[in-house]
Amino acid sequence: MFTLKEAYNLALEKTYDSIPKRSYSFNSSVSNLTKTIQSAEFKRAVQNKFGDFDKFQYETKLVIAQQKNIVAAFTSTPIAFANAWNMQVEELVASDVMSLAAAGGHFQFNQGIKGSKLYRTGFQHGLVKNQGGGLIIGFRHKTSGSYDEDNLSEMGVFTYATPEDASGMMEYRFHENFSELLGIPRLIILSQWFRYKTVLEDNNQWLYMTGIAKVVGTQDHPAKGIQLQLINREEAFRLLLAHEQLMTNNVNEKVRPPLPEHLRLGWSYEKIKANKKKRAALIKYAQERHHKCVGKLCGHVPFEKLEPSKIHIGHRISQHWNSQNSGVVDVHHPYNLYLSCDKCNISLQSKYPTELDNAINTVGTIGDWLMQGDLL
Ligand SMILES: [Zn+2]
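Residue numbers for the sequence shown follow the working numbering, beginning at 1 and rising by one.
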């Protein structure tokens, strides 16, 4: 678990590390000529775009705000977006749109040059960036039926080809590193468009479809494509809210990434209580690491000195408080759960927030242990 500032600095370091020591040459698909980028140019690109934390934070806030509105209104389901992409056609007819919409596809017109920047037709294929800044908001794609560079696997993972300039290449690497370190992936809006002959709409002969994807994996060379996983609207919105909070929080606070759904549901209070194996795994985890009860009544007894039956699962925000404020928080969420001895557990039952919250943050909640990856 890192603070925002720590994750940012480490991501910068790793991005610099991915720069090749010698110059890099490749065949440009735009000009068909050999293009060479020197190491120094890659370094300058990282410095210009990401070297200033305050600027990065400010621009990221704008990108998140933009993405939030687009995602809420226009996101297609991964299956519908992928099906449309994999049709490999230039044109859709009404019956295609019916099928894709039934699977959760969302379509819109764009009303000529006054439409959204995300879908402007002047470009066949390319990046959408924030105005004045230069951070990627989305990728747009006219579906011409040719898919040489960008491909979409059956699992909904895109490999998106790299831009041909140092700045674009390094931006891919930075987002990957930053996403991985924070545990909160960067999102990229994807759009594709199709010819759609609507007889009496001169300005609307194209139909636009929007999807949302998260950055997955990390690559070790500037020229490698970026991998993106299509996700649904709810997951995207949750991640965007997490980003938004992150960018407005104290930059020196530890960041808790959103728990994956299977952990949030599978390790909720009721599920841990009902499953002896999960409970035993938690107790073993705490005992092996010599964790102590955070409560004072027992004098901070080490868990290895307690019988498993004397170790309890406590709620940071108590069940008692929750019963009087129902619906305010997900009180059984693993991030709200911690281990304590039986004495302390009883003494804290109706308190909110407990005076122990700082200590719990240090030792870690059950959700923190799950996210560290060595419990499972
Ligand atoms: Zn205790």
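Even glycine gets a Cβ: it sits at the ideal position worked out from N, Cα and C.
(message) Suppose you measure from the CA of lysine 284 to the CA of arginine 256; what does that come to, to the nearest Å?
(response) Residue mapping note: residue 284 aligns to position 284 of the sequence shown, counting from 1. Residue mapping note: residue 256 aligns to position 256 of the sequence shown, counting from 1. Looking at the two C-alpha atoms, the distance is approximately 23 Å.
(request) Verify the contact flag: lysine 343, CB atom, against every heavy atom of ligand 1, threshold strictly below 7 Å. (result) Within the sequence shown, residue 343 is the residue found at index 343, counting from 1. Yes, since a heavy atom of ligand 1 falls inside the 7 Å radius drawn around the Cβ of lysine 343.
(request) Would you list the residues sitting across from glutamine 108 in a DSSP beta bridge? (result) Start at 1 with the first residue of the sequence shown, and residue 108 comes out as number 108. Glutamine 108 is bridged by DSSP to Tyr208.
(message) Out of Ser318, Lys351, Lys254 and Glu261, which one is the CA nearest neighbour of tyrosine 8?
(response) One-based indexing of the sequence shown puts residue 8 at position 8. Among Ser318, Lys351, Lys254 and Glu261, the Cα nearest to that of tyrosine 8 is on Lys254.
(request) Rounded to whole angstroms, what's the CA-CA distance from alanine 280 to proline 308? Just pull it up for me. (result) Walking along the sequence shown from the start, residue 280 turns up at place 280. Walking along the sequence shown from the start, residue 308 turns up at place 308. Here the alpha carbons of proline 308 and alanine 280 stand approximately 8 Å from one another.
(message) Measuring only the C-alpha atoms, how far is serine 99 from leucine 182?
(response) Residue numbering aside, residue 99 sits at position 99 when the sequence shown is read from its first letter. Residue numbering aside, residue 182 sits at position 182 when the sequence shown is read from its first letter. Between the alpha carbons of serine 99 and leucine 182 lies a gap of roughly 38 Å.
(request) Answer with buried or exposed for glycine 314, where buried requires no fewer than 16 other C-beta atoms within 10 angstroms of its C-beta. (result) For the purposes of this step, residue 314 is identified with residue 314 of the sequence shown, where counting begins at 1. It is buried - the Cβ of glycine 314 has at least 16 other Cβ atoms within 10 Å.
(request) Under 8 Å Cβ to Cβ from alanine 15, same chain only, skipping five residues before and after it: list those, please. (result) Translated into the one-based positions of the sequence shown, residue 15 becomes position 15. Residue identity differs from the one stated: residue 15 is threonine in this sequence, not alanine. Within its own chain, the residues whose Cβ lies closer than 8 Å to the Cβ of threonine 15, once the five positions on either side in sequence are excluded, are Val46, Phe50, Met170, Arg173, Phe174 and Asn177, listed in chain order.
(message) Can you find the residues in the same chain that come closer than 7 Å, C-beta to C-beta, to cysteine 344, ignoring five residues on each side of it along the sequence?
(response) Position 344 of the sequence shown, counting from 1, holds the residue named residue 344. These residues qualify, in order along the chain: Cys293, Gly295, Leu297 and Cys298.
(message) Quick check: what's the CA-CA separation for aspartate 330 versus lysine 21?
(response) Stepping through the sequence shown from its first residue, residue 330 is reached at position 330. Stepping through the sequence shown from its first residue, residue 21 is reached at position 21. Cα to Cα, aspartate 330 sits roughly 50 Å from lysine 21.
(request) Answer with buried or exposed for glycine 373, where buried requires no fewer than 16 other C-beta atoms within 10 angstroms of its C-beta. (result) The residue given as residue 373 occupies position 373 in the sequence shown. By the neighbour-count rule (16 or more Cβ atoms within 10 Å), glycine 373 is not buried but exposed.
(request) Could you check what DSSP says for valine 328 in three-state terms: helix, strand or coil? (result) Against the sequence shown, residue 328 aligns to sequence position 328. Shown here, valine 328 sits in coil according to DSSP, grouped into three states, outside any helix or strand.
(message) For a test of the three-state rule: what should DSSP assign to asparagine 27, helix, strand or coil?
(response) As a working mapping, residue 27 is identified with position 27 in the sequence shown. Strand.
(request) Specify, as a first and last residue, the run of the beta strand (DSSP E) that valine 46 falls within. (result) Residue numbering aside, residue 46 sits at position 46 when the sequence shown is read from its first letter. Secondary structure note for valine 46: it is in no beta strand (DSSP E), and the uninterrupted alpha helix (DSSP H) holding it is 39 to 50.
(request) Give the range of the beta strand (DSSP E) segment to which leucine 339 is assigned. (result) In the sequence shown, residue 339 corresponds to position 339, counting from 1. In the DSSP annotation of this structure, the continuous segment of the beta strand (DSSP E) that includes leucine 339 starts and ends at 337 to 341.
(message) Tell me the rounded alpha-carbon separation between aspartate 202 and threonine 60.
(response) Counting from one through the sequence shown, the residue named residue 202 turns up at place 202. Counting from one through the sequence shown, the residue named residue 60 turns up at place 60. When rounded, the distance between both Cα atoms is 37 Å.
(message) Cutting at 7 Å between CB atoms, please list the residues of its own chain near alanine 80, excluding the five before and the five after it.
(response) Translated into positions along the sequence shown, residue 80 becomes position 80. Only Leu100, Ala103, Gly104 and Gly105 meet the Cβ criterion.
(request) Could you check what DSSP says for leucine 306 in three-state terms: helix, strand or coil? (result) To locate residue 306, count along the sequence shown from 1; it is residue 306. Judged by DSSP in its simplified three-state form, leucine 306 adopts coil rather than helix or strand.
(message) Rounded to the nearest angstrom, what separates tryptophan 369 and leucine 265 at their Cα positions?
(response) Here residue 369 refers to the residue found at position 369 when the sequence shown is read from its first residue. Here residue 265 refers to the residue found at position 265 when the sequence shown is read from its first residue. The alpha-carbon atoms of tryptophan 369 and leucine 265 are separated by roughly 15 Å.
(request) Would you list, in sequence order, the uninterrupted alpha helix (DSSP H) runs of no fewer than 4 residues that lie entirely inside the stretch 223 to 273? (result) Whole alpha helix (DSSP H) segments, 4+ residues: 233 to 248 and 261 to 266.
(message) Spatial neighbours of serine 179 within its chain, please: C-beta separation below 7 Å, excluding the five flanking residues on both sides.
(response) Taking the sequence shown and counting its residues from 1, the one referred to as residue 179 is at position 179. Here serine 179 has Pro185, Arg186 and Val215 as same chain residues with Cβ atoms under 7 Å from its own Cβ, once five neighbours each way along the sequence are excluded.
(message) In the DSSP assignment, the beta strand (DSSP E) including arginine 195 goes from what residue to what residue?
(response) Position 195 of the sequence shown, counted from the start, is the residue given in the question as residue 195. DSSP places arginine 195 inside the beta strand (DSSP E), whose first and last residues are 187 to 195.
(message) Using a Cβ-based criterion (distance less than 7 Å to any ligand heavy atom), does serine 340 qualify as near ligand 1?
(response) Counting from 1 along the sequence shown, the entry for residue 340 is found at position 340. Flag set: Cβ of serine 340 near ligand 1.
(message) Considering Cα atoms alone, identify which of Lys5, Ala82, Leu152 and Ser323 is closest to glycine 225.
(response) Along the sequence shown, one-based indexing puts residue 225 at 225. Of the candidates Lys5, Ala82, Leu152 and Ser323, Leu152 places its Cα closest to the Cα of glycine 225.
(request) Measuring alpha carbon to alpha carbon, tell me which of His300, Phe237, Asp220 and Ser191 ends up nearest phenylalanine 109. (result) Here residue 109 is taken as the residue at index 109 of the sequence shown, counted from 1. With distances taken between CA atoms, phenylalanine 109 lies nearest to Ser191 out of His300, Phe237, Asp220 and Ser191.
(request) Rounded to whole angstroms, what's the CA-CA distance from phenylalanine 123 to asparagine 204? Just pull it up for me. (result) Here the question's residue 123 lines up with position 123 in the sequence shown. Here the question's residue 204 lines up with position 204 in the sequence shown. In this prediction, phenylalanine 123 scores a pLDDT of 46, lower than 50, which makes its location untrustworthy; the coordinate-derived value is nonetheless stated afterwards. Whole-angstrom Cα-Cα distance: 17 Å.
(message) Buried or exposed, going by whether 16 or more other CB atoms sit within 10 Å of the CB of leucine 339?
(response) By one-based count along the sequence shown, residue 339 stands at place 339. With 16 or more other Cβ atoms within 10 Å, it is buried.
(request) List the whole-angstrom C-beta distance separating arginine 233 from threonine 75, where the pair is believed to meet the contact cut-off of C-beta under 8 Å. (result) Against the sequence shown, residue 233 aligns to sequence position 233. Against the sequence shown, residue 75 aligns to sequence position 75. Their Cβ separation, rounded to whole angstroms, is 4 Å, which keeps arginine 233 and threonine 75 in contact under 8 Å.
(request) Determine the contact status of leucine 12 and phenylalanine 2, defining contact as a CB-CB distance below 8 Å. (result) The residue you call residue 12 lines up with position 12 of the sequence shown. The residue you call residue 2 lines up with position 2 of the sequence shown. Note that the C-beta distance between leucine 12 and phenylalanine 2 is not below 8 Å.
(message) Less than 7 Å separating the Cβ of valine 363 from some heavy atom of ligand 1?
(response) Counting from one through the sequence shown, the residue named residue 363 turns up at place 363. Exclusion of valine 363 from the 7 Å shell around ligand 1 follows from its C-beta lying no nearer than that to any non-hydrogen atom of the ligand.
(request) Could you tell me whether any non-hydrogen atom of ligand 1 is closer than 7 Å to the CB of glycine 138? (result) Position 138 of the sequence shown, counted from the start, is the residue given in the question as residue 138. Every heavy atom of ligand 1 is 7 Å or more from the Cβ of glycine 138, so no.
(request) Go ahead and label glycine 367 buried or exposed: buried means 16 or more other beta carbons lie within 10 angstroms of its beta carbon, across all protein chains shown. (result) For the purposes of this step, residue 367 is taken as residue 367 along the sequence shown, with counting starting at 1. A buried status is given to glycine 367, since no fewer than 16 other beta-carbon atoms sit within 10 Å of its beta-carbon.
(message) For ligand 1, is there any heavy atom lying closer than 7 Å to the beta carbon of leucine 382?
(response) The structure shown does not extend to residue 382, since the chain is modelled only from 1 to 376, so the question has no answer here.
(message) I need the straight-line Cα distance from asparagine 361 to alanine 94, nearest angstrom please.
(response) To locate residue 361, count along the sequence shown from 1; it is residue 361. To locate residue 94, count along the sequence shown from 1; it is residue 94. When rounded, the separation of the alpha-carbon atoms in asparagine 361 and alanine 94 is 55 Å.
(message) Between Cys341, Ile136, Ile189 and Pro222, which has its C-alpha nearest aspartate 165's C-alpha?
(response) Stepping through the sequence shown from its first residue, residue 165 is reached at position 165. Distance from the Cα of aspartate 165 is smallest, within the candidate group Cys341, Ile136, Ile189 and Pro222, for Pro222.
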